[in-house]
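From first to last, the protein sequence lines are chains U and A.
Position one of the first sequence corresponds to residue 830 (my numbering), numbered consecutively onward.
Position one of the second sequence corresponds to residue 2 (my numbering), numbered consecutively onward.
Just so it is clear, CB atoms sit at the ideal spot from N, CA and C, and this is done for glycine as well.
Just so you know, these numbers come straight off a predicted model, no measurement behind them.
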Amino acid sequence: MMDEREDRFDEILRDAARDYNAPPPTPKAEMWTRIQAVRRTGGQANGVLPLRPTIRRPLRLAMAIAAILVLGVAIGRLSAPGITARPSASGTIAAAPGADKKDKSTVATQLATTDHLSQVETFLTEFGTEKGSPEFTEHAKRLLGTTRLLLDSKRVTDPRTRKLLEDLELVLVQIATMNPKDRAEDLNSIADGLAQNQLRTRLRNAIPAGPAIRL
Amino acid sequence: MAQNKGRPFRVRSRVEKRDLVTRVLAGDPDAERELYDSHVDRVYRLVYRMVGDSELASDYTQDTFIRTFDRLATFRGDSALSTWITAIAISVVYNGQRKVKRLRTREVDIEHAEPMAATIRHADPDLKARLTEAIDGLPEGYRTVFLMHDVEGFTHDQIGSALGIQEGTSKAQLSRARAKLRHELAAFAGDWAS
């Protein structure tokens, strides 16, 4: 009885499903023209877009080192005694101990975020020039972990930063889960994602040109 | 009996297709067009069923044939040429749709993402409309097998070769897809039981 009902349902299902996304006539000629055009120019269907090819690798490396140095200086200043608890003119401590601690945590999160964004920018630039060698997958996984930690943090409150981290998460997931058998397609998809979201521009805007953060 | 009648045709057809591939690889433009004409309808139909959008379907179909021509030298004839091309088409669709889904996910208001079962039970009782939603909601693998088998008439053997899975897996996925659709459309049980 149950089988009969299921068979009957499957029959109705097949009939009804014929209307599901019912295809229109195939635009044969139009597609053929475009296929020929792509093939004549020697291009692939979706060639991998070069990712910022004008910026050279040594320059990116120098920028990354500079960012790390700035971060080191910033952390040093932050952790030095008396930096944030400066006495006011009246001789009292400017901020309550609780507030100072909270402020430090927020600044530390901002520093970590800036440092992370710098690392991701460097990584994406390197990734674009190397076109996805296997070690990039591992690196992407590490960066993905940090991205998610930051997204989970309640101290990352700036909506633009959060949106940027969310978009980066998607790109990093793609890189971390790239299919080794069909790398070209994944690379193309990643390049498109970067371009469509203007991730590189947003990353550059999110990373201060001077010190990692104002103290 | 029918099989015996069909076999010589199939053998001849395979030989002709092998010859067609050889001619395409030799740079014969007529052969390229012939190969395209022989397979484009089938590819476009399947792709359209999978994406439901004419622009995307055209893009993916074009992409499929560009890749087919680019990679034709690697076709060894282990499977039928049509199956090999179908495999390329599915790969193109999966990759393209992942990208599309990512973009759309960001645009969808979370409040509108109600569970499908709840929508089915309280919305208008149009079986086909609900069926469309239910098929859309199937996991990717189930949906592909369901569309290929129940809608486009591929055999489990062809599906297995195109998707790189065992024939038995294809059958199991179809069975699960149907079971899931039955579950999702439970509100309409009376309609098909009567």
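Task: Proximal chain A residues relative to Ile1036 of chain U, where beta-carbon distance stays under 7 Å - done: The premise fails here: Ile1036 of chain U is roughly 23 Å from chain A at the closest Cβ pair, so nothing lies under 7 Å.
Task: Element boundaries [alpha helix (DSSP H), containing Met149 of chain A] - done: Met149 of chain A -> no alpha helix (DSSP H), and no H or E assigned at all.
- [ ] In the DSSP assignment, find the unbroken alpha helix (DSSP H) run with Val52 of chain A in it and report its ends.
- [x] Pro30 to Val52
Open item on the list: DSSP three-state label for Gln1025 of chain U, please.
Closed with: helix
TODO: Take every Cβ of the region 987-995 of chain U, pair it with every Cβ of the region 963-975 of chain U, and state whether three or more of those distances are shorter than 8 Å.
DONE: no
Open item on the list: I need the straight-line Cα distance from Gly142 of chain A to Leu1001 of chain U, nearest angstrom please.
Closed with: 24 Å
- [ ] For Ala119 of chain A, count neighbouring C-beta atoms within 10 Å of its own C-beta (all shown protein chains included) and say buried if the count is 16 or more, exposed if not.
- [x] Confidence at Ala119 of chain A is low in this model, with a pLDDT of 38, below 50, so the placement of that residue should be treated as unreliable; the coordinate-derived value is given next. Counting Cβ neighbours within 10 Å, Ala119 of chain A comes out exposed, since fewer than 16 surround it.
Open item on the list: Does the structure place the region 55-65 of chain A close enough to the region 21-39 of chain A that three or more beta carbon pairs sit under 8 Å?
Closed with: no
Open item on the list: For a quick check, are the C-beta atoms of Phe952 of chain U and Leu978 of chain U less than 8 Å apart?
Closed with: no
- [ ] Would you tell me roughly how many angstroms separate the C-alpha atoms of Arg103 of chain A and Ile841 of chain U, rounded to the nearest one?
- [x] 33 Å
Open item on the list: When you compare the CB positions of Ser934 of chain U and Arg984 of chain U, do they come within less than 8 Å of one another, or not?
Closed with: yes
- [ ] Count the other CB atoms, across all protein chains shown, that sit within 10 Å of the CB of Asn1026 of chain U; report buried if there are 16 or more and exposed otherwise.
- [x] buried
Task: Identity of the residue in A:Ala81, A:Gly161, A:Tyr45 and A:Phe76 nearest Gln174 of chain A by Cα - done: A:Gly161
Open item on the list: Whole angstroms are fine: how far does the CA of Thr87 of chain A sit from the CA of Ser176 of chain A?
Closed with: 22 Å
Open item on the list: Going by C-alpha to C-alpha distance, which of A:Trp85, A:Asp79, A:Gly78 and A:Ser80 sits closest to Thr69 of chain A?
Closed with: A:Trp85
TODO: Leaving out five residues on either side along the sequence, give the residues of the same chain with a beta carbon under 8 Å from the beta carbon of Leu148 of chain A.
DONE: Leu47, Arg50, Met51 and Ile136
TODO: Compare the C-beta of Ser55 of chain A against all C-beta atoms of chain U and say whether one is closer than 8 Å.
DONE: yes
- [ ] Could you tell me if Arg847 of chain U is buried or exposed, where buried requires 16 or more neighbouring beta carbons within 10 angstroms of its beta carbon?
- [x] exposed
Open item on the list: Please confirm whether Leu26 of chain A has its beta-carbon closer than 8 Å to some beta-carbon of chain U.
Closed with: no
Task: Own chain, CB closer than 6 Å to His157 of chain A, minus 5 neighbours either side, in chain order - done: Glu168, Ser171 and Lys172
Open item on the list: Taking the straight line between their C-alpha atoms, what separation do you get for Pro856 of chain U and Gly138 of chain A?
Closed with: 28 Å
- [ ] Taking only beta-carbon positions, decide if Leu842 of chain U is within less than 8 Å of chain A.
- [x] yes
Open item on the list: If I measure Cβ to Cβ from Val93 of chain A and keep anything under 6 Å in the same chain, skipping five residues before and after, which residues do I get?
Closed with: Tyr61, Asp64 and Thr65
TODO: Look at the alpha carbon of Gly1022 of chain U and the alpha carbon of Ser80 of chain A, and state the distance between them as a whole number of angstroms.
DONE: 34 Å
TODO: For Thr1030 of chain U, count neighbouring Cβ atoms within 10 angstroms of its own Cβ and tell me buried if that reaches 16, exposed if not.
DONE: exposed
Open item on the list: Are the CB atoms of Leu1032 of chain U and Leu940 of chain U within a distance shorter than 8 Å?
Closed with: no
Open item on the list: Using beta carbons (cut-off 8 Å, strictly below), is Thr133 of chain A in contact with chain U?
Closed with: yes
Task: Spatial distance of Val22 of chain A from Ala32 of chain A (CA atoms) - done: 8 Å
TODO: Tell me, please, whether the CB atom of Leu164 of chain A is closer than 8 Å to any CB atom in chain U?
DONE: no
Task: Per-residue DSSP class, three states only, for Met860 of chain U - done: helix
- [ ] May I ask which residues mark the beginning and end of the alpha helix (DSSP H) holding Gln167 of chain A?
- [x] Run containing Gln167 of chain A: none; DSSP gives neither H nor E here.
Open item on the list: Residues of chain A with CB closer than 7 Å to the CB of Ile864 of chain U, please, in chain order.
Closed with: Gln63, Phe66 and Ile67
Task: Inter-residue spacing [alpha-carbon to alpha-carbon] between Thr938 of chain U and Met1007 of chain U - done: 30 Å
Task: Through-space distance from Pro988 of chain U to Gln948 of chain U, alpha-carbon basis - done: 20 Å
Task: Exposed unless 16 or more other CB atoms sit within 10 angstroms - verdict on Asn1034 of chain U - done: exposed
Open item on the list: Residues in the same chain with beta-carbon distance under 8 Å from Leu880 of chain U, minus the five sequence neighbours each way, listed in chain order, please.
Closed with: Because the pLDDT at Leu880 of chain U is just 33, under 50, the model does not fix this residue reliably, and the point stays unresolved.
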